[in-house]
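Since the structure comes first, as structure tokens, the remarks are kept for the end.
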Amino acid sequence: MGVSRLVPSVWAILVAVAAFFFSVVSYLLLNLPSGIVKSTSSHNNAERHKCSWSGHDAERRAVFCGNEKLFEMFRTACSCTSPAPISFEDDPIAALDDVPILVMAANRPKYLFRTLFNILNAQGVNRANIVVSIDGFFDESVAVAKLFALRVIQSKPEGTKAARVSQHYRRALTTVMGDIYSSSEYVIVIEDDLQISPDFFFYMAHVLPIFKMDSQIYCVSAWNDHGMEHAIGNAQEIYRVEGMPGLGWAMSRKILDELLPKWLPKERMTDWDVWMRNPSNRKGRHCLIPDISRTFHFGEDGLNVDRNMQGLYFRNHGFHQDRDSSPVAFTPLEELVKERYEAKLSEAISRANVIDSKTLVCDSKKKTNPYLSMLTGATSTHILYYSQDSKEELDNYFRLCWCLNIWDLDVRAQYQGVIRIHLQRVPVYLVAYPASRFSGSIPAKLSPLLLDSSIPKGNRRRT
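All residue numbers for the sequence shown refer to the working numbering, where the first residue is 2 and numbers rise by one.
Right, dumping it as structure tokens:
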């Protein structure tokens with residue numbers, strides 16, 4: 002038999018075998034059991050060819066995991082055998098039925114996945130109210146939001162750095178409150194590098210009515226700047242504070258209608274939250290915060306927070322993680338209205354046990370958690386008076402914050418010269434003397450705490 006006759010015969014056999022194989026594979030693919038979906042991306046590697054998922058969300062997962070980059074980036078969601086859930090049964094809180102949940106995102110898809118997964122697992126969430134706003138056109142971030150079947154809005158970036166971020170907030174708030182939820186009275190804002198507590202939405206549902214009860218409320222926040230693990234102690238307690246904490250916050254339409262028309266221009270390199278804290282915007286109004294934060298900041302590569310700052314100010318922050326089915330009995334709103342709050346604050350300070358300032362030991366070279374022997378075994382409220390002549394004289398204030406290992410970059414979470422924390426789980430009031438109007442109860446012979454100049458004035462204020 003010549004070579005010229007052998008080759009065509011072999012070729013014919015190979016073609017026949019290939020045709021048979023193709024017909025078998027086609028039959029199997031067309032007759033998969035109902036409810037099972039396979040990834041169909043042309044870029045699938047061997048592992049992804051083996052994956053199949055069942056359930057009503059199987060098609061969403063197959064589309065997402067069919068992308069090679071997403072498959073490698075999100076192994077837990079794309080696992081063949083035990084994939085992370087992407088659908089959750091929610092039991093929305095009626096009080097938040099028409100309150101949008103605005104999630105601010107850009108090009109951090111892994112962060113966004115963690116944040117959305119956490120939001121959807123929180124008690125009382127209304128999934129239908131979640132709007133993911135993406136600053137720019139980033140396919141991976143869009144894909145993450147769509148994996149969870151959430152609404153996405155994208156917009157063209159304006160400005161650079163801080164200006165770009167502030168413009169994203171302006172556009173997102175305008176779109177959500179102006180177009181999508183044009184009749185909603187409030188909006189909840191969550192950044193894409195935050196984890197929320199299981200009872201985050203119960204907290205929000207509790208505090209939002211304060212806007213109608215007290216015209217002096219500017220915002221409500223789930224974040225306590227001083228809420229380090231060693232400085233918290235009461236999951237029920239809510240405080241009034243000056244400033245604007247952010248990091249999981251809500252605001253009323255009425256106040257947003259004040260702010261949005263005069264929002265920062267795209268040329269201004271000012272952080273949006275710094276601008277919102279400006280006295281000309283805040284107008285002496287206050288915010289509410291919990292003693293124990295209902296958000297946890299996990300981002301380490303943001304515009305303002307790197308790994309070092311995350312370690313110093315966020316990683317050891319207290320975070321309420323109890324998933325108890327019964328909601329926390331938060332401080333009644335009536336006690337948080339300005340007049341009532343100030344009356345109770347004044348009364349508590351007048352009855353508090355005074356801490357001898359000489360018992361506070363501070364290391365000028367290293368931040369450590371403070372220990373006061375007189376607080377051992379104590380349960381009643383204590384007070385520490387520290388020297389501060391005016392609101393502008395802050396050196397001793399920052400030295401005290403350094404010594405107590407609480408927020409010391411700028412003035413945060415205080416109310417007219419009073420900071421409320423816990424030390425060794427005992428309630429402690431830090432009161433500025435004579436700057437605070439609540440410092441009049443200081444004992445006659447007591448000298449307020451004045452720290453040595455060798456103590457750093459905060460981590461960024463060393464001289």
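All C-beta atoms, glycine included, are put in the ideal place defined by N, C-alpha and C.
Open item on the list: Quick check: what's the CA-CA separation for S183 versus T176?
Closed with: Straight-line spacing of the CA atoms in S183 and T176 works out to 9 Å.
- [ ] Could you spell out where the beta strand (DSSP E) holding A251 opens and where it closes?
- [x] Here the beta strand (DSSP E) through A251 covers 250 to 253.
Open item on the list: Going by C-alpha to C-alpha distance, which of F118, A146, G234 sits closest to S381?
Closed with: Looking only at F118, A146, G234, the smallest Cα-Cα distance to S381 is reached by G234.
Open item on the list: Could you compute how far the alpha carbon of H254 sits from the alpha carbon of A206?
Closed with: Before going further, note that residue 254 is Arg rather than His in the sequence given. Cα to Cα, R254 sits roughly 16 Å from A206.
- [ ] Quick one: measure Cβ to Cβ for H227 and I420, integer angstroms, because I've assumed they're closer than 8 Å.
- [x] Confirmed, Cβ separation roughly 6 Å.
- [ ] Report the three-state DSSP secondary structure of A146 (helix, strand or coil).
- [x] DSSP places A146 in helix when its eight states are reduced to three.
Task: Per-residue DSSP class, three states only, for L450 - done: Look at L450 here: in three-state DSSP terms it is strand.
TODO: Measure the Cβ-Cβ separation of S156 and D136 and say whether it is below 9 Å.
DONE: Against a cut-off of 9 Å, the Cβ pair of D136 and S156 comes out as a contact.
Open item on the list: Taking 8 Å as the cut-off, does the region 89 to 100 touch the region 199 to 214 (at least 3 CB pairs, one atom from each stretch)?
Closed with: With a cut-off of 8 Å, the region 89 to 100 and the region 199 to 214 count as touching, because enough Cβ pairs lie within range.
Open item on the list: Tell me whether the region 275 to 282 and the region 299 to 318 touch, counting them as touching only if at least three CB pairs, one residue from each stretch, are closer than 8 Å.
Closed with: Because the criterion of three Cβ pairs below 8 Å is not met, the region 275 to 282 and the region 299 to 318 do not touch.
Task: As assigned by DSSP and simplified to three states, the class of N354 - done: Strand at N354.
TODO: Over the uninterrupted beta strand (DSSP E) stretch that includes V242, give me the two end residues.
DONE: 239 to 242 is the extent of the beta strand (DSSP E) around V242.
Open item on the list: Just list the residues that DSSP pairs R1 with in beta bridges.
Closed with: Past the edges of the chain, shown from 2 to 464, lies residue 1, and the structure says nothing about it.
Task: Environment of Y372 [buried if 16+ CB atoms lie within 10 Å] - done: Looking at its Cβ environment, which holds fewer than 16 other Cβ atoms inside 10 Å, Y372 is exposed.
- [ ] State yes or no: is the C-beta of L248 within less than 9 Å of the C-beta of L289?
- [x] No. Outside cutoff.
Task: Span of the alpha helix (DSSP H), counted from its first residue to its last, around R283 - done: Where R283 is concerned, the enclosing alpha helix (DSSP H) stretches over 280 to 283.
Open item on the list: Beta-carbon within less than 7 Å of G459's beta-carbon, same chain only, minus the 5 sequence neighbours each way: which residues are those?
Closed with: Excluding the 5 residues flanking it on each side, G459 has same chain C-beta neighbours closer than 7 Å at F399, C402, W403, D409, L410, in chain order.
- [ ] Would you kindly report the start and end of the unbroken alpha helix (DSSP H) that includes H169?
- [x] Start and end: 162 to 176.
Open item on the list: In the DSSP output, what is F297 paired with across the bridge?
Closed with: In the DSSP output, where bridge partners are listed per residue, F297 has Q196.
Open item on the list: Can you tell me whether R152 is helix, strand or coil according to DSSP?
Closed with: Reduced to three states, the DSSP call for R152 is strand.
Task: Other residues of its chain near S448: CB distance less than 6 Å, five sequence neighbours each side excluded - done: Here S448 has no same chain residue with a Cβ atom under 6 Å from its own Cβ, once five neighbours each way along the sequence are excluded.
Open item on the list: In whole angstroms, give me the CA-to-CA distance for A436 and Q389.
Closed with: The alpha-carbon atoms of A436 and Q389 are separated by roughly 6 Å.
Task: Cβ shell of W264 (< 7 Å), same chain only, five flanking positions each side left out - done: Excluding residues within five positions, the ones whose Cβ falls inside 7 Å are R171.
Task: Endpoints, the alpha helix (DSSP H) within which C66 is located - done: Looking at the DSSP string, the run of the alpha helix (DSSP H) that includes C66 is 59 to 66.
Open item on the list: By the three-class DSSP mapping on this structure, what secondary structure does S24 have?
Closed with: Here S24 scores only 43 on pLDDT, less than 50, and its place in the model should not be relied on; the value that follows carries that caveat. Looking at S24 - three-state DSSP - the assignment turns out to be helix.
TODO: Provide the residue span of the beta strand (DSSP E) that contains W54, from first to last.
DONE: Per DSSP, the continuous beta strand (DSSP E) segment holding W54 begins and ends at 53 to 55.
Open item on the list: Under DSSP, the alpha helix (DSSP H) around M74 begins and ends at which residues?
Closed with: M74: member of the alpha helix (DSSP H) spanning 69 to 74, first to last residue.
- [ ] Within 10 angstroms of the Cβ of H57, are there 16 or more other Cβ atoms? Answer buried if so, exposed if not.
- [x] A residue is called buried when at least 16 other Cβ atoms come within 10 angstroms of its Cβ; H57 does not meet this threshold and is exposed.
Task: P110 - containing alpha helix (DSSP H), residue span - done: Taken as a continuous stretch (DSSP letters only), the alpha helix (DSSP H) holding P110 covers 110 to 122.
TODO: Count the other CB atoms, across all protein chains shown, that sit within 10 Å of the CB of Q168; report buried if there are 16 or more and exposed otherwise.
DONE: The C-beta of Q168 has 16 or more other C-beta atoms within 10 Å across all chains shown, which makes the residue buried.
- [ ] Compare the C-alpha of N317 against each of Y204, F299, A330 and name the closest.
- [x] Looking at the Cα atoms, F299 is the closest of the given residues.
TODO: Return helix, strand or coil for A129, following the three-state DSSP convention.
DONE: Secondary structure of A129 (DSSP, three-state): helix.
TODO: For E336, count neighbouring Cβ atoms within 10 angstroms of its own Cβ and tell me buried if that reaches 16, exposed if not.
DONE: Residue burial annotation: E336 is exposed, with fewer than 16 other C-beta atoms found within 10 angstroms of its C-beta.
Task: Pairwise C-alpha distance: K339 and D357 - done: Whole-angstrom Cα-Cα distance: 30 Å.
Open item on the list: Please report the straight-line C-alpha distance between D200 and D453, rounded to a whole angstrom.
Closed with: D200 and D453 have their C-alpha atoms roughly 42 Å apart.
Task: Reference I350; option with closest CA among F439, Q217, P291 - done: The option with the nearest alpha carbon to I350 is F439.
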